[in-house]
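This report concerns only the one structure given below.
Chains as they are written, first to last, in the working numbering: chain A, 1 to 79; chain B, 80 to 465.
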């Protein structure tokens, strides 16, 4: 990641499906092309739903990092 | 001075909790040791599940509305006014004309459609989320002789998560019964990658929709609607044209909880998922649609929650430790067509496993629509045995 890329962290831990996805969508709407959104989610469904949504919406799914009790899921706004 | 239990909101949750407590506290109420006060700006209580059925002529206005006073136990006080501020730290709620200091507070202020979240939503089409809109939709369905009917969820969360699915199934039955189903293209539009939040139920729903030739369009998050062009655009970059749009609006919490600084950014009250206390306050509870709990915004959840709160307030008043925890229980019907239904029963730890749809279950739903007034709202069968 270059230093110019902004990472916006959305802490959706404790929120249940579809809360983290909805938080991501809201954040993407408010971001600029090229921004990276990192969603912290304790709902295991997020790692299934978020990549599907990112693909459909034309954004880049950057991956999941598993942490203790939650995941960090990164998406880059592409359009 | 009597101990005061203040209940803000005279919908399903508020009415049940007040009546349930009135039964338990009969003697203390008669002696004047305790008072229960329900406060709501409306004198009318609406059975909101009727909204889904009115468009198809299955229920009618006179079956959906009762005076709130007629539902409440006679020992419960009812004040028809708006509470505009809740001060949890000082155990006081305020209306324009008065203030009430409480010993226990139950906030049951519900959820309401928020059309402002999606440009064009309010003028775009029809919905079944108010009584008047349910009747507007009934007229529109009656006039509709063919074309593309799109039923779309335009934002999450919303009241009664199964309602959009049920609406699509009812549309299929309704036009089949009228003999014009072949002239109506039905499309179900949903923001998630499956047609319902709970994966195993979603699988069944998808199969049923395919069988009934209901087109399913997933991952479509409505961004805006153009009522002139009759088209809706999604955040994902797609456009859908329609002849008749029936939309589920996103919902938000009540103004009073937002204005009092006790709501999160969606307008929901941070609530302990087991005790139902408003977080940080052991004398204040939130139930029903007003909470931020990960359960359906539905009367059934409010019913189960009301039983927990009534029990634990009674326990505390009488010197006992709380004896119930809410386990996330919800029980709701899914109408899968005119004359058939199934049922979802689930909690925090057990997802629903709905049985095959039957006429018997549909019939039970019709009976329940009447039983609501005489049993559920009266607090006579608290929480179905929680």
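Every residue gets a Cβ at the ideal spot worked out from N, C-alpha and C, and that includes glycine.
CB of residue i within 8 Å of CB of residue j, strictly
i                      : j                      : result
residue 94 of chain B  : residue 380 of chain B : no
residue 186 of chain B : residue 405 of chain B : no
residue 327 of chain B : residue 203 of chain B : no
residue 484 of chain B : residue 123 of chain B : Within the shown structure, residues of chain B are numbered from 80 to 465, placing residue 484 of chain B beyond reach of any answer.
residue 458 of chain B : residue 98 of chain B  : yes
residue 34 of chain A  : residue 316 of chain B : no
residue 134 of chain B : residue 207 of chain B : yes
residue 325 of chain B : residue 205 of chain B : yes
residue 447 of chain B : residue 420 of chain B : no
residue 367 of chain B : residue 89 of chain B  : no
residue 149 of chain B : residue 163 of chain B : no
residue 41 of chain A  : residue 77 of chain A  : no
residue 87 of chain B  : residue 197 of chain B : no
residue 253 of chain B : residue 297 of chain B : no
residue 83 of chain B  : residue 188 of chain B : no
residue 269 of chain B : residue 299 of chain B : yes
residue 245 of chain B : residue 424 of chain B : no
residue 361 of chain B : residue 182 of chain B : no
residue 156 of chain B : residue 116 of chain B : yes
residue 165 of chain B : residue 284 of chain B : no
residue 143 of chain B : residue 200 of chain B : no
residue 100 of chain B : residue 389 of chain B : yes
N-terminal and C-terminal residue of the alpha helix (DSSP H) that residue i is part of
i                      : result
residue 363 of chain B : Segment 363–365 is the beta strand (DSSP E) holding residue 363 of chain B; no alpha helix (DSSP H) there.
residue 56 of chain A  : 46–57
residue 438 of chain B : 438–450
residue 86 of chain B  : Unbroken run through residue 86 of chain B is the beta strand (DSSP E), 82–87; no alpha helix (DSSP H).
residue 453 of chain B : Taken as a continuous stretch (DSSP letters only), residue 453 of chain B belongs to no alpha helix (DSSP H), as it is neither H nor E.
residue 79 of chain A  : No alpha helix (DSSP H) holds residue 79 of chain A; DSSP gives it neither H nor E.
residue 357 of chain B : Neither: residue 357 of chain B is in no alpha helix (DSSP H) and is coded neither H nor E.
residue 19 of chain A  : 19–29
residue 100 of chain B : 91–103
residue 378 of chain B : 378–396
Delimiting residues of the beta strand (DSSP E) encompassing residue i
i                      : result
residue 324 of chain B : 323–327
residue 368 of chain B : From DSSP, residue 368 of chain B is part of no beta strand (DSSP E); its letter is neither H nor E.
residue 296 of chain B : 293–296
residue 183 of chain B : 183–186
residue 45 of chain B  : With chain B represented from 80 up to 465, any question about residue 45 of chain B goes unanswered, as that position is not in the structure.
residue 11 of chain A  : 7–11
residue 127 of chain B : That residue, residue 127 of chain B, is in no beta strand (DSSP E); it is neither H nor E in DSSP.
residue 146 of chain B : 144–146
residue 411 of chain B : 409–416
residue 66 of chain A  : 60–67
residue 422 of chain B : 419–425
residue 331 of chain B : 330–332
residue 162 of chain B : 162–166
residue 41 of chain A  : 36–41
residue 158 of chain B : 156–159
residue 319 of chain B : 318–320
Neighbour list for residue i in chain D, Cβ cutoff strictly below 8 Å
i                     : result
residue 16 of chain A : The question asks about chain D, but that chain is absent: this structure's protein chains are A and B.
Identity of the residue in the options nearest residue i by Cα
i                      : options                       : result
residue 176 of chain B : B:151, B:210 and B:118        : B:118
residue 357 of chain B : B:130, B:150 and B:341        : B:341
residue 369 of chain B : B:389, B:344, B:391 and B:362 : B:344
residue 61 of chain A  : A:68, A:69 and A:52           : A:52
residue 385 of chain B : B:173, B:184, B:80 and B:105  : B:184
residue 295 of chain B : B:351, B:303 and B:275        : B:275
residue 416 of chain B : B:407, B:399, B:436 and B:401 : B:436
residue 126 of chain B : B:425, B:378 and B:82         : B:378
residue 8 of chain A   : A:69, A:36 and A:46           : A:36
residue 113 of chain B : B:439, B:373 and B:392        : B:392
residue 426 of chain B : B:250, B:383 and B:246        : B:383
residue 50 of chain A  : A:6, A:28 and A:79            : A:28
residue 85 of chain B  : B:170, B:128, B:102 and B:138 : B:170
residue 288 of chain B : B:266, B:309 and B:278        : B:266
residue 214 of chain B : B:160, B:137 and B:159        : B:137
residue 407 of chain B : B:372, B:255 and B:397        : B:372
residue 146 of chain A : B:172, B:110 and B:272        : Any question about residue 146 of chain A goes unanswered here, given that chain A covers just 1 to 79.
residue 329 of chain B : B:351, B:231 and B:409        : B:231
Okay, do the region 419–431 of chain B and the region 447–455 of chain B touch, 3+ Cβ pairs below 8 Å being the bar?
Pairwise C-beta distances place the region 419–431 of chain B out of contact with the region 447–455 of chain B, as fewer than three of them are shorter than 8 Å.
Between the region 220–228 of chain B and the region 192–203 of chain B, can you find at least three pairs of beta-carbon atoms closer than 8 Å?
no
At what residue ranges does the region 175–242 of chain B contain a whole run of the alpha helix (DSSP H), taking only runs of 4 or more?
200–203 and 210–222
If you pair each beta-carbon of the region 13–24 of chain A with each one of the region 253–265 of chain B, do three or more pairs fall below 8 Å?
no
I want to know whether the region 60–75 of chain A touches the region 124–133 of chain B - three or more CB-CB distances under 8 Å.
no
Residue ranges of each beta strand (DSSP E) within the region 251–312 of chain B, 3 or longer
Contiguous beta strand (DSSP E) elements confined to the region 251–312 of chain B occur at 263–268, 293–296 and 301–305, taking only those with 3 or more residues.
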